[in-house]
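Below: one structure, written as structure tokens.
Protein chains: 2
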Amino acid sequence: MFRNIVAQPNFSVYLMKKKEVTIYDLAKELNYSPSTISRALNNHKSIGKKTIKKIQKTAEEFNYRPNALAASLRNNTSRTIGITIPKINHPFQASLITGIEKTARKAGYNVIITQSDDKYKNEVDNVKALYDARVGGLIVSLGMETRDTSHFDQYVKQNIPIVFVDRVPENFNSYRVIIDNHAAGYRATKHLIEQGCKRIAHFAGAQHVNVYNLRKKGYVDALIDSGLQVDEELIMDMKTLSFEEGKKATEKLLKLDNPPDGIFSAIDTAAVSAILYAKEKGVKIPEELAIIGFNDDPISRIVEPTLSTVSHPAQKMGEISTKRILEHSTRKLDAAVSEITMLDTEIIIRNSSKRK
Amino acid sequence: MFRNIVAQPNFSVYLMKKKEVTIYDLAKELNYSPSTISRALNNHKSIGKKTIKKIQKTAEEFNYRPNALAASLRNNTSRTIGITIPKINHPFQASLITGIEKTARKAGYNVIITQSDDKYKNEVDNVKALYDARVGGLIVSLGMETRDTSHFDQYVKQNIPIVFVDRVPENFNSYRVIIDNHAAGYRATKHLIEQGCKRIAHFAGAQHVNVYNLRKKGYVDALIDSGLQVDEELIMDMKTLSFEEGKKATEKLLKLDNPPDGIFSAIDTAAVSAILYAKEKGVKIPEELAIIGFNDDPISRIVEPTLSTVSHPAQKMGEISTKRILEHSTRKLDAAVSEITMLDTEIIIRNSSKRK
DNA sequence: ATAATAAATGCAATCGATTGTTAGCTCAAA
DNA sequence: TTTGAGCTAACAATCGATTGCATTTATTAT
Chain A
4 MFRNIVAQPN
14 FSVYLMKKKE
24 VTIYDLAKEL
34 NYSPSTISRA
44 LNNHKSIGKK
54 TIKKIQKTAE
64 EFNYRPNALA
74 ASLRNNTSRT
84 IGITIPKINH
94 PFQASLITGI
104 EKTARKAGYN
114 VIITQSDDKY
124 KNEVDNVKAL
134 YDARVGGLIV
144 SLGMETRDTS
154 HFDQYVKQNI
164 PIVFVDRVPE
174 NFNSYRVIID
184 NHAAGYRATK
194 HLIEQGCKRI
204 AHFAGAQHVN
214 VYNLRKKGYV
224 DALIDSGLQV
234 DEELIMDMKT
244 LSFEEGKKAT
254 EKLLKLDNPP
264 DGIFSAIDTA
274 AVSAILYAKE
284 KGVKIPEELA
294 IIGFNDDPIS
304 RIVEPTLSTV
314 SHPAQKMGEI
324 STKRILEHST
334 RKLDAAVSEI
344 TMLDTEIIIR
354 NSSKRK
Chain B
4 MFRNIVAQPN
14 FSVYLMKKKE
24 VTIYDLAKEL
34 NYSPSTISRA
44 LNNHKSIGKK
54 TIKKIQKTAE
64 EFNYRPNALA
74 ASLRNNTSRT
84 IGITIPKINH
94 PFQASLITGI
104 EKTARKAGYN
114 VIITQSDDKY
124 KNEVDNVKAL
134 YDARVGGLIV
144 SLGMETRDTS
154 HFDQYVKQNI
164 PIVFVDRVPE
174 NFNSYRVIID
184 NHAAGYRATK
194 HLIEQGCKRI
204 AHFAGAQHVN
214 VYNLRKKGYV
224 DALIDSGLQV
234 DEELIMDMKT
244 LSFEEGKKAT
254 EKLLKLDNPP
264 DGIFSAIDTA
274 AVSAILYAKE
284 KGVKIPEELA
294 IIGFNDDPIS
304 RIVEPTLSTV
314 SHPAQKMGEI
324 STKRILEHST
334 RKLDAAVSEI
344 TMLDTEIIIR
354 NSSKRK
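Each protein sequence line maps, in turn, to chains A and B.
Going by the numbering used here, the final residue of the first sequence carries number 359, and the count climbs one at a time with no gaps.
Going by the numbering used here, the final residue of the second sequence carries number 359, and the count climbs one at a time with no gaps.
See below:
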């Protein structure tokens, strides 16, 4: 499987960690008290300008690096934000993290990341581990299995802000950063109708998850408002909206006596899968079957025909979530605040649905 | 842009953090000393069985959660791994992180993530910030701009293990987890030759970055070994191997008097871009132009024709990197060890290069 | 020159968990 | 009854930075 090459040049002495430089060392060196060193390094106003200069210069010479653990312990607040999301290597979530990390770092915060893999137990464990690390705030996108949210209670008790993003709980006072899934689902469906679709199928996700539930509601409402029938036969329930599930669903749909002429998929992956399978079966897209997805994943631009979709401002959501946490300490709110930020989505019309 | 809805139910009392439960509280409650509580919670052998039971039960009842900051401070080692990579939202790197996080969490470690965005300054800042957080180990994939590695010296001095992964420095004693880029480049090129290509172009990345340098060397060596000419005109130097760069390069190549009949791209993105552009220009793939990429990104399976590529065991690399760090404390090595783990790659032959 | 004010610095406790050393206790064998 | 093995558990120092309060020094006004 792989080769290993080991070389070990020198022993013993190096095994001991060298004593690190602390403010006490600097204090001794410069004949100041540790308090003065500490204040000088933090540019405290009660310390003289030249003193600050001198101390900071020496600190640099000595390669002094503050111990954030000690500071956090003393202050009882750490400049760390915890994240719990289902999967890091999904385009939407990776972008979400990117936005969080960038914003946090600018503010001098570190980000600890955990992934639940959509398992409830993992989520609970992660939330505990982040608490143990005494994060200053928590950003969460719920796992598929999560129905109970009591694992977050301890944060509220300690007034540690929680921001739920995208996949959020129904009943939990906290910050929320979401998109208008209902409106997005409505518009995506409406778009297909405008392109002349009369029988539109829907690839639906797990219905206890807010985003999938609302996208479906939007779909249903758009049909009703347009005077089209809602046909349960055309609503394909899926667990993960994966490539495989998308294929199976498309297969089923195409076999119907009265197959659909449009598909709104709650996730791009399944939509792309539908395109590929339908093409394989000789169905013309978009003429015979118009398709629209959700997320604007990279594959949606590459598939042929390119996939129409709903874009989800992932990085922006991460950025706003982080800002909520950074602001929290400034504002006089407790963690049980219920503040919802709803971002706009954008329908991106590409070739998989453009008939005119 | 977005709507905000704020509701604030209750004030004052909740603003103060409630005092957290500590081992001292448990000690008082149970009439034990804090030392006993601490040892009991850690299942120390010198504490009686029933005592441990009783203490752990009470801890649970009181919702006690250990303060990892305090423990780390005292022990001078934190169960935290720091990561510095260029970009989180790139498929390869997202998978790398996934592998790291999973392995670390199984061992009870947290993962702090930072991204350099391929900027040297960011990388330096991040490496410092992670040091300040007193991580127990560091996993790094170097940014494009990095040529000097002195920002890692402090880790070596403190015997904090560093694992470089994928994009690694030339001269720095540490752990390294890499793939055999030379062999991969060689085999990819050889594959095109076997398919009958006589004039093979190469999309090359920045040559001071080990992975791109070696892929190119592999390409050149394969040509030479097969008695083909190395034509500098066919080697396209690119900064980021992006979609746009791929397109421009393909444009240039197709305009040559004697255009290539094969392309080996050091990254999938540029390869996909080449496919799309060449198709648009009426060039038949793979008949007139065979293409192979590198990374096995999701888009490589979706593009038409599907892209042949070299798969990079990203999660596995993350897993192994993490294990190196976890093992480090166990083994009697200092951080200046030089241990290289080289993983195999796999050539995946899809339609963009299969002529026979 | 002197009192009064402002500026600069130091003292010592604190955050929560860990651990080497010491001390108390139980039980059994002699 | 005595003694020591074997358990249990406590004391107190430690990790490094922070900060309210006290104290010293410098500066200004009168």
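Note that beta-carbon positions come from the ideal geometry of N, C-alpha and C, so glycine has one too.
Keep in mind that this is a model prediction, so the values were computed, not measured.
With 16 as the cutoff for other CB atoms within 10 Å, does residue i come out buried or exposed?
{"i": "alanine 110/A", "result": "exposed"}
{"i": "valine 114/A", "result": "buried"}
{"i": "glycine 51/B", "result": "exposed"}
{"i": "glutamine 232/B", "result": "exposed"}
{"i": "phenylalanine 65/A", "result": "exposed"}
{"i": "threonine 333/A", "result": "exposed"}
{"i": "glycine 85/B", "result": "buried"}
{"i": "aspartate 156/B", "result": "exposed"}
{"i": "serine 81/B", "result": "buried"}
{"i": "lysine 219/A", "result": "buried"}
{"i": "glycine 221/B", "result": "buried"}
{"i": "arginine 1/B", "result": "Beyond the ends of chain B as shown, which are 4 and 359, falls residue 1/B; an answer cannot be given."}
{"i": "arginine 137/A", "result": "buried"}
{"i": "asparagine 78/A", "result": "exposed"}
With residue i as the anchor, note down where its beta strand (DSSP E) starts and where it stops.
{"i": "isoleucine 50/A", "result": "Where isoleucine 50/A is concerned, there is no enclosing beta strand (DSSP E), given that its DSSP letter is neither H nor E."}
{"i": "histidine 205/A", "result": "203-207"}
{"i": "glycine 140/B", "result": "140-143"}
{"i": "glutamine 118/B", "result": "113-118"}
Could you compute how far the alpha carbon of residue i sits from the alpha carbon of residue j?
{"i": "glycine 1/A", "j": "leucine 72/A", "result": "What the structure shows of chain A is the stretch from 4 to 359, and residue 1/A is not part of that stretch, so it cannot be assessed."}
{"i": "serine 41/A", "j": "serine 49/A", "result": "12 Å"}
{"i": "proline 289/A", "j": "phenylalanine 175/B", "result": "55 Å"}
{"i": "aspartate 121/A", "j": "leucine 257/A", "result": "31 Å"}
{"i": "phenylalanine 297/B", "j": "valine 159/B", "result": "33 Å"}
{"i": "threonine 178/B", "j": "valine 212/A", "result": "In the sequence as displayed, the identity of residue 178/B is tyrosine instead of threonine. Cα to Cα, tyrosine 178/B sits roughly 43 Å from valine 212/A."}
{"i": "lysine 56/A", "j": "serine 75/A", "result": "25 Å"}
{"i": "lysine 2/B", "j": "glycine 321/A", "result": "There is simply no residue 2/B to check, as chain B begins at 4 and stops at 359 in what is shown."}
{"i": "aspartate 260/B", "j": "glutamate 236/B", "result": "11 Å"}
{"i": "threonine 243/B", "j": "glycine 146/B", "result": "12 Å"}
{"i": "isoleucine 328/A", "j": "phenylalanine 95/A", "result": "21 Å"}
{"i": "isoleucine 227/B", "j": "phenylalanine 267/B", "result": "15 Å"}
{"i": "glycine 285/B", "j": "glutamate 254/B", "result": "12 Å"}
{"i": "alanine 43/B", "j": "tyrosine 27/B", "result": "13 Å"}
{"i": "asparagine 354/A", "j": "glutamate 291/A", "result": "13 Å"}
{"i": "leucine 279/A", "j": "asparagine 162/B", "result": "53 Å"}
{"i": "alanine 317/A", "j": "leucine 99/A", "result": "5 Å"}
{"i": "alanine 97/B", "j": "glutamine 118/A", "result": "12 Å"}
{"i": "proline 262/A", "j": "lysine 282/A", "result": "15 Å"}
{"i": "asparagine 34/A", "j": "proline 69/B", "result": "37 Å"}
Less than 6 Å between C-beta atoms, sequence neighbours within five positions excluded: which residues of the same chain meet that for residue i?
{"i": "serine 229/A", "result": "Ile196"}
{"i": "glutamate 349/B", "result": "Ser314"}
{"i": "asparagine 92/B", "result": "none"}
{"i": "isoleucine 238/A", "result": "His205 and Ala207"}
{"i": "valine 340/B", "result": "none"}
{"i": "histidine 154/B", "result": "Val127 and Val130"}
{"i": "phenylalanine 5/B", "result": "At phenylalanine 5/B the pLDDT is 41, less than 50, meaning the model places this residue with poor confidence; the figure from the coordinates comes in the next sentence. Hits under 6 Å: none found."}
{"i": "serine 276/B", "result": "Phe246, Gly249 and Lys250"}
{"i": "glutamate 342/A", "result": "Tyr178"}
Could you spell out where the alpha helix (DSSP H) holding residue i opens and where it closes?
{"i": "glutamine 96/A", "result": "94-109"}
{"i": "glycine 296/A", "result": "It is not in any alpha helix (DSSP H) - glycine 296/A carries neither H nor E in the DSSP assignment."}
{"i": "glutamate 247/B", "result": "246-258"}
Excluding sequence positions up to five away, which residues of its chain have a Cβ less than 7 Å from the Cβ of residue i?
{"i": "lysine 201/A", "result": "Leu231 and Asp264"}
{"i": "serine 356/B", "result": "His194, Leu195, Gln198, Pro289, Ala293, Ile294, Ile295 and Ser311"}
{"i": "tyrosine 67/A", "result": "Val24 and Leu29"}
{"i": "aspartate 240/A", "result": "Ala207"}
{"i": "aspartate 224/B", "result": "Tyr189"}
Below 8 Å CB to CB, which residues in the same chain sit around residue i once its five sequence neighbours on both sides are set aside?
{"i": "aspartate 271/B", "result": "Gly296, Phe297, Asn298, Asp299, Asp300, Ile302, Ser303, Leu310 and Thr312"}
- prompt: Of all the residues that make up the region 54-75 of chain A, which are near chain B by a beta-carbon distance shorter than 7 Å?
  reply: Asn66, Arg68, Pro69, Asn70, Ala71, Leu72, Ala73 and Ser75
- prompt: When Cβ atoms are compared, which residues of the region 119-142 of chain A fall closer than 9 Å to chain B?
  reply: Hits within the stretch, in order: Asp120, Asn125, Asp128, Asn129, Lys131, Ala132, Leu133, Tyr134, Asp135, Ala136 and Arg137.
field: Under 7 Å (Cβ pairs) to chain A, residues found in the region 285-317 of chain B
entry: Result list: Pro301, Ile302, Ile305, Val306 and Glu307.
- prompt: What are the residues of the region 263-286 of chain B that lie near chain A, defined by any Cβ-Cβ distance shorter than 8 Å?
  reply: Val275 and Leu279
- request: Select from the region 95-116 of chain A all residues with a C-beta closer than 7 Å to any C-beta belonging to chain B, and list them in chain order.
  value: Ala97, Ser98, Ile100, Thr101, Glu104, Arg108, Asn113, Val114, Ile115 and Ile116
Residues of the region 156-173 of chain B with Cβ closer than 7 Å to any Cβ of chain A, in chain order: Gln157, Lys160, Gln161 and Asn162
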